Amino acid sequence: MDSLIKSLDSLYCDSLTSYSRRKTIPVRVGDVIIGGENPIVVQSMTTVDTMDTKGSVEQCIRMIESGCELIRITAPSLKEAENLRNIKAELRKRGYQTPLVADIHFTPNAAELAAKIVEKVRINPGNYADKKKFEVIDYTDASYAEELERIRDRFLPLVKICKENGTAMRIGTNHGSLSDRIMSRYGDTPLGMVESALEFLRICEDEKFFDIVISMKSSNTQVMVQAYRLLVQKLNEGGFKPYPLHLGVTEAGEAEDGRIKSAVGIGTLLEDGLGDTVRVSLTEDPEFEAPVARALIDRYTHRAAHAPIREIANYPITPFEHNKRHVAEIYNFGGHNVPRVITDISKVEKISDREMKAVGHFYLPELDKWKMNDIGCDFVYSGSNPIPFMLPNGMKEIQDFAIWNQAPDQVNKFPLFHLDEYKKASRFHSEINFLEVLDTEIEETIPAIQDRTDTVFILKTNNTHSMPALRRAFVSLLEAKSTIPVVVKVSYPDQTADMTMLYAATDVGGLLVDGLGDGIFISLEKEAEHSRQEVLDQIKLHNSVSFGVLQAARTRMSKTEYISCPSCGRTLFDLQETTAMIRKRTDHLKGVKIGIMGCIVNGPGEMADADYGYVGSGKGKITLYKGKEVVKRSVPSEKAVDELIEIIREDGMWIEPETI
Numbered sequence: 001m002d003s004l005i006k007s008l009d010s011l012y013c014d015s016l017t018s019y020s021r022r023k024t025i026p027v028r029v030g031d032v033i034i035g036g037e038n039p040i041v042v043q044s045m046t047t048v049d050t051m052d053t054k055g056s057v058e059q060c061i062r063m064i065e066s067g068c069e070l071i072r073i074t075a076p077s078l079k080e081a082e083n084l085r086n087i088k089a090e091l092r093k094r095g096y097q098t099p100l101v102a103d104i105h106f107t108p109n110a111a112e113l114a115a116k117i118v119e120k121v122r123i124n125p126g127n128y129a130d131k132k133k134f135e136v137i138d139y140t141d142a143s144y145a146e147e148l149e150r151i152r153d154r155f156l157p158l159v160k161i162c163k164e165n166g167t168a169m170r171i172g173t174n175h176g177s178l179s180d181r182i183m184s185r186y187g188d189t190p191l192g193m194v195e196s197a198l199e200f201l202r203i204c205e206d207e208k209f210f211d212i213v214i215s216m217k218s219s220n221t222q223v224m225v226q227a228y229r230l231l232v233q234k235l236n237e238g239g240f241k242p243y244p245l246h247l248g249v250t251e252a253g254e255a256e257d258g259r260i261k262s263a264v265g266i267g268t269l270l271e272d273g274l275g276d277t278v279r280v281s282l283t284e285d286p287e288f289e290a291p292v293a294r295a296l297i298d299r300y301t302h303r304a305a306h307a308p309i310r311e312i313a314n315y316p317i318t319p320f321e322h323n324k325r326h327v328a329e330i331y332n333f334g335g336h337n338v339p340r341v342i343t344d345i346s347k348v349e350k351i352s353d354r355e356m357k358a359v360g361h362f363y364l365p366e367l368d369k370w371k372m373n374d375i376g377c378d379f380v381y382s383g384s385n386p387i388p389f390m391l392p393n394g395m396k397e398i399q400d401f402a403i404w405n406q407a408p409d410q411v412n413k414f415p416l417f418h419l420d421e422y423k424k425a426s427r428f429h430s431e432i433n434f435l436e437v438l439d440t441e442i443e444e445t446i447p448a449i450q451d452r453t454d455t456v457f458i459l460k461t462n463n464t465h466s467m468p469a470l471r472r473a474f475v476s477l478l479e480a481k482s483t484i485p486v487v488v489k490v491s492y493p494d495q496t497a498d499m500t501m502l503y504a505a506t507d508v509g510g511l512l513v514d515g516l517g518d519g520i521f522i523s524l525e526k527e528a529e530h531s532r533q534e535v536l537d538q539i540k541l542h543n544s545v546s547f548g549v550l551q552a553a554r555t556r557m558s559k560t561e562y563i564s565c566p567s568c569g570r571t572l573f574d575l576q577e578t579t580a581m582i583r584k585r586t587d588h589l590k591g592v593k594i595g596i597m598g599c600i601v602n603g604p605g606e607m608a609d610a611d612y613g614y615v616g617s618g619k620g621k622i623t624l625y626k627g628k629e630v631v632k633r634s635v636p637s638e639k640a641v642d643e644l645i646e647i648i649r650e651d652g653m654w655i656e657p658e659t660i
């Protein structure tokens with residue numbers, strides 16, 4: 001792996017410090033071209049039953065009008081594949097030329113029919129020619145070669161049809177649906193995901209068929225990012241053509257969590273110039289997906305004009321696996337501690353105890369006590385507006401050094417220094433001090449505090465190419481063998497809540513997935529003046545987003561995680577309503593992961609990371625899982641949530657919800 005690291009910037013992206021899109025071959029999908037010099041394409045997927053022609057067409061139109069440039073429709077059998085003809089004809093009749101993509105699982109005959117009708121076909125190499133039984137098989141080289149020949153025979157007809165009809169193809173690997181063959185040979189790994197796609201890609205290249213887009217999706221953002229990077233490296237190393245990439249996080253969920261999780265995975269790759277088409281998978285109506293994808297993509301329209309960042313000659317991070325940067329423990333930062341959340345309340349003068357609910361801490365005056373929810377922040381930054389009351393034990397206050405230096409309590413409050421203050425200071429806190437530095441100051445600062453065991457960096461940047469600029473500063477720390485903990489600070493001018501979620505998830509989450517960062521601090525410093533209530537609302541958002549980013553990056557599990565699919569024409573129940581119902585009953589189960597899947601295609605494989613699963617198995621019937629094992633089959637939907645809770649209870653993971 002060391003040889004890869006030395007020349008990494010030429011292996012998985014053009015540069016780790018200078019923004020540029022990866023150069024790919026162009027792939028035509030109807031009137032849309034993916035890759036080449038063309039803009040990144042936004043796509044989504046219908047949720048209406050494919051046999052409902054009118055409903056599908058109406059939904060397609062809503063998606064197109066929301067910004068969708070490519071529409072995927074499930075075709076689980078021949079009858080749905082044939083009905084794609086009617087959907088396409090009606091859309092064209094009504095003046096819509098948006099290309100259609102047939103989504104195929106398990107049914108090669110449906111793929112072969114659909115390839116003659118629509119502009120693109122998506123196949124999943126994990127289940128196109130295999131049935132998943134979770135069996136471990138001991139292959140010899142000869143027996144594995146026989147399996148590959150079987151796959152070739154099954155896949156070749158589709159390749160030839162696509163080639164003859166000018167139909168593009170997506171080879172879409174999903175982490176949760178790797179075949180038993182791949183799992184047995186490569187394990188449940190990013191390498192297994194990549195090899196699953198390459199087996200099919202080699203067949204296409206042998207047939208001189210190159211109209212291919214590739215994806216490496218996972219609900220685990222770390223795995224997703226690693227797999228895409230490794231795919232590019234393997235394409236380069238193996239002499240393959242530079243195929244365009246379709247980016248997506250599977251089963252991202254809904255609302256804030258879904259947006260943050262999508263951005264951690266997709267945004268991290270976009271930062272390095274990877275990605276040619278994007279689908280954000282939300283458990284919401286599909287017309288709400290395209291604007292989120294567009295907001296992510298548009299951030300890079302003028303990114304190439306960013307201020308220069310010093311190049312990285314030797315990259316000390318392995319980008320294909322997660323390894324946390326080794327740091328010393330200072331107070332409760334670094335070491336084996338989870339990343340900490342610092343929430344900025346500095347724009348609220350004389351904040352009251354009751355207003356602290358914005359940061360997840362609740363004062364109960366009738367009991368004269370404090371309670372904290374799952375996203376109660378660890379520290380508040382009060383700046384020059386010190387808090388006028390005693391804080392609960394679960395939260396500490398950080399003040400500007402000038403305020404702290406004159407404060408009556410210099411033990412239970414902590415100072416934040418700027419670099420010039422730190423160099424001149426004669427007084428420090430005995431346990432922990434915070435030093436705010438720019439990425440461009442980091443190298444001059446390291447020698448000054450290298451031997452200190454009482455200081456944590458608050459690292460920020462003014463570079464519009466934020467994540468790579470911050471990453472460059474971390475590389476300087478690694479090169480200097482510094483073990484100083486680092487909290488990543490980001491700030492944004494006034495913008496929508498969605499943009500704050502997406503930008504923070506990209507800028508900080510992109511570092512966390514590589515093991516960089518010991519905390520997150522979303523600052524108010526670039527915000528305009530607002531009313532007190534508006535500022536409190538912004539503080540609440542920042543606090544929630546901070547915990548969401550840590551959870552989405554798999555570095556701190558503070559709340560229940562729902563791995564819920566975005567629904568499609570295969571779905572056997574109302575996913576949005578069911579997800580809301582399950583969330584209402586279980587969202588107090590800190591750190592528990594629950595998979596909510598509309599059908600067996602997105603079933604036990606797709607929710608590979610879930611502790612428990614709720615999967616549609618028939619009209620009004622639910623199959624319940626513990627991990628990948630079926631616990632109860634054909635449970636009536638009206639009883640299924642109660643049965644799910646009973647399984648969690650029997651497993652010893654259930655706690656009764658508290659009321660605040």
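full-length UniProt numbering puts the first residue of the sequence shown at 1, with every later residue one more than the last. Every residue gets a Cβ at the ideal spot worked out from N, C-alpha and C, and that includes glycine. These figures come from a predicted structure and were not determined experimentally.
| Asked | Found |
| --- | --- |
| Would DSSP call K369 helix, strand or coil? | strand |
| Does the Cβ of D409 have 16 or more other Cβ atoms within 10 Å, making it buried, or fewer, making it exposed? | exposed |
| Going by alpha carbons, who is nearest to E90 out of A81, V57, A75, R62? | V57 |
| Do the region 226-235 and the region 11-31 meet, that is, are 3 or more Cβ pairs less than 8 Å apart? | yes |
| Considering only the beta carbon of each residue, do R279 and H326 sit closer than 9 Å? | no |
| With distances taken between CB atoms, is the gap from T74 to T98 smaller than 9 Å? | no |
| For V114, which of V159, E577, G95, N127 has the nearest alpha-carbon? | According to the sequence shown, residue 114 is Ala rather than Val. Nearest C-alpha to A114: V159. |
| Would you mind reading off the limits of the alpha helix (DSSP H) that contains K120? | Not the alpha helix (DSSP H): K120 falls in the beta strand (DSSP E), residues 120-123. |
| Under a three-way DSSP split, which group does F414 fall into? | strand |
| Measure the alpha-carbon distance for V635 versus D298 and round it to whole angstroms. | 45 Å |
| Can you give, in chain order, each stretch of the alpha helix (DSSP H) that sits fully within the region 453-500 and has at least 4 residues? | 466-479 |
| Taking 8 Å as the threshold, find out whether the region 421-441 comes into contact with the region 458-472 through three or more Cβ pairs. | yes |
| Could you round the C-beta distance between F379 and M395 to whole angstroms and report it? I think they count as a contact, below 8 Å. | 7 Å |
| Is N308 buried or exposed, if buried means 16 or more other CB atoms sit within 10 Å of its CB? | The amino acid occupying residue 308 in the given sequence is Pro; Asn does not appear at that position. So P308 counts as exposed. |
| Quick one, are the C-beta atoms of M467 and G267 less than 9 Å apart? | yes |
| Go through its chain and collect everything with a Cβ distance to I71's Cβ below 8 Å, but skip five positions before and after it. | Q43, S44, M45, T46, C60, M63, I64, T98, P99, L100, V101 |
| In chain order, which continuous runs of the beta strand (DSSP E) of length 3 or greater are located wholly inside the region 21-46? | 27-29, 32-34, 41-45 |
| According to DSSP, simplified to helix, strand and coil, what is K163? | helix |
| Using C-beta distances below 6 Å, list every residue in its chain close to I442, excluding the 5 sequence neighbours before and after it, in chain order. | A473, S476 |
| Checking 9 Å against the spacing of the C-beta atoms, do G248 and R21 come in under that value? | no |
| Would you kindly report the start and end of the unbroken alpha helix (DSSP H) that includes E65? | 53-65 |
| Starting from Y625, trace the beta strand (DSSP E) both ways and give me its first and last residue. | 621-626 |
| Can you pull the DSSP bridge partners for K632? | L624 |
| For V348, which residues in the same chain have their Cβ closer than 8 Å to its Cβ, ignoring the five residues on either side in sequence? | E355, N385, R532, V535, L536, I539 |
| To the nearest angstrom, report how far apart H322 and R556 are at their CA atoms. | 14 Å |
| Measure the C-alpha to C-alpha separation of G360 and E658 and round it to an integer number of angstroms. | 14 Å |
| Taking Cβ to Cβ, would you say D454 is nearer than 9 Å to S430? | yes |
| My output table needs one value for A328: the three-state DSSP class, helix, strand or coil. | coil |
| Thinking I214 and I171 are a contact (beta carbons under 8 Å), I'd like their distance in whole angstroms, please. | 5 Å |
| Does N393 pass the burial test, meaning 16 or more other C-beta atoms within 10 Å, or should it be called exposed? | exposed |
| Excluding five sequence neighbours on each side, which residues of the same chain lie with their C-beta closer than 8 Å to the C-beta of F288? | S66, L282 |
| At what residue ranges does the region 218-242 contain a whole run of the alpha helix (DSSP H), taking only runs of 4 or more? | 221-237 |
| When you compare the region 219-227 with the region 120-128, are there three or more beta-carbon pairs, one atom per stretch, that lie closer than 8 Å? | no |
| With a floor of 3 residues, list each beta strand (DSSP E) that falls wholly inside the region 280-342, ordered by position along the chain. | none |
| Run through DSSP, which three-state label would K424 get? | helix |
| If contacts are defined as beta-carbon pairs under 8 Å, then T506 and A293 qualify, I think. What distance do you get, rounded to the angstrom? | 13 Å between Cβ atoms; not a contact. |
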